[in-house]
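Asker: Let me begin by handing over the structure; questions about it come next.
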Amino acid sequence: MEESITPTITLGPVTFNLTLLAMTLIAVLVVFGFIYWASRKMTIRPKGKQNVLEYAYDFVVGFTKGNIGEHYIKDYSLFLFVLFLFLLVANNIGLMAKIETTNGYNLWTSPTANLGYDFAFSFLITLIAHVEGIRRRGVKEYLKAFVTPGFMTPMNILEELTNFASLALRIFGNIFAGEVLASLLVNLSHQAFYWYPFAFIGSMAWTAFSIFISCIQAYVFTMLSSIYIGKKINGEE
0 MEESITPTIT LGPVTFNLTL LAMTLIAVLV VFGFIYWASR KMTIRPKGKQ NVLEYAYDFV
60 VGFTKGNIGE HYIKDYSLFL FVLFLFLLVA NNIGLMAKIE TTNGYNLWTS PTANLGYDFA
120 FSFLITLIAH VEGIRRRGVK EYLKAFVTPG FMTPMNILEE LTNFASLALR IFGNIFAGEV
180 LASLLVNLSH QAFYWYPFAF IGSMAWTAFS IFISCIQAYV FTMLSSIYIG KKINGEE
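Residue numbers (numbering that gives the first Met the number 0): 0 to 236.
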């Protein structure tokens, strides 16, 4: 399969992928639009769209509270909720359409299907975890966790690196594979008319499965993020 080409713009030493920027903006707007729409005219007795919003929020709090801790969950629940919603949209948005220009530029993709994007996202979560760990526990207690016991210091540092890498590679592998196979099925339908029914049925089945996997990956990424943050702010107990 040919490598996907995306439009870019270079500002000084930095090159920006315009497709990823656009898709990220769309995902952010979708999440903001949903929350804004669902939170208008809220009542004490929820109904309709408010029920959906509160159920989603309670769902995220439910599977992250044990990792963050009862004492801190209110401070991080909104962050984890928005993270989960963003990943739900970002993981699935590339499955909704395939848009390319006549000269081969890809204008529509899931941002999380890009390895560099996922590493940057993983780095952001890792940075937040370490910054919050220092803020909550202080520099001394934070650094003490790396050297207690002393002979485990190299392993503790290696664990941080593997956590960072695995968080990115896990979501990239699943989302990228889903889009690659979906694209192959679309290309199959262009080969000959008699392939179209098979490509259509396969594409529908694979899209449904990919949406399921994408939702699972949003859940897993948010869960692991809460574990990493929880370990830093609470210590290793």
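Beta carbons are placed, not taken as given, at the ideal position from N, Cα and C, and that holds for glycine.
(1) So, at 7 Å on beta carbons, what are the nonlocal neighbours of lysine 231 in its own chain, with the 5 sequence-adjacent residues on each side left out?
(2) Quick one, are the C-beta atoms of valine 256 and phenylalanine 85 less than 8 Å apart?
(3) From threonine 61 to glycine 93, what does the alpha carbon distance come to, in whole angstroms?
(4) Report yes if the C-beta distance between alanine 67 and serine 225 is below 8 Å; otherwise report no.
(5) Is the beta carbon of asparagine 90 closer than 8 Å to that of isoleucine 25?
(6) Please confirm whether tryptophan 194 and serine 188 have their CB atoms less than 8 Å apart.
(7) Is tyrosine 104 helix, strand or coil by DSSP?
(8) With distances taken from CA atoms, which of Leu142, Ala167, Thr108 is nearest leucine 123?
(9) Tell me the DSSP bridge mates of glutamate 99?
(10) Mind pulling the alpha helix (DSSP H) runs of 4 or more residues that sit fully within the stretch 54 to 137?
(11) Nearest CA to the CA of leucine 28: which residue from Met95, Val88, Gly137?
(12) Note down the Cα distance separating asparagine 105 from glycine 115, rounded to an integer number of angstroms.
(13) Assuming isoleucine 200 is part of the alpha helix (DSSP H), what are its boundary residues?
(14) Since valine 30 is in the alpha helix (DSSP H), which residue starts that stretch and which ends it?
Answerer: Put simply:
(1) So the qualifying residues of the chain are Ala128, His129, Glu131, Gly132.
(2) This structure leaves residue 256 out entirely; the chain is present only between 0 and 236.
(3) For the record, residue 61 in the displayed sequence is glycine; it is not threonine. Each residue's alpha carbon lies about 28 Å from the other.
(4) With the sequence shown as reference, residue 67 is identified as isoleucine, and alanine is not the correct amino acid for it. Less than 8 Å divides the Cβ of isoleucine 67 from the Cβ of serine 225.
(5) No, these two residues do not count as a Cβ contact at 8 Å.
(6) Cβ distance < 8 Å, so tryptophan 194 and serine 188 count as in contact.
(7) Of the three classes helix, strand and coil, the one that applies to tyrosine 104 here is strand, per DSSP.
(8) Nearest C-alpha to leucine 123: Ala167.
(9) Partner(s): Asn105.
(10) The qualifying runs are 72 to 91, 114 to 136.
(11) Each of Met95, Val88, Gly137 was checked against the Cα of leucine 28, and the nearest Cα belongs to Val88.
(12) Distance between the alpha carbons of asparagine 105 and glycine 115: 17 Å.
(13) First-last of the alpha helix (DSSP H) with isoleucine 200: 195 to 233.
(14) Unbroken alpha helix (DSSP H) run through valine 30: 17 to 37.
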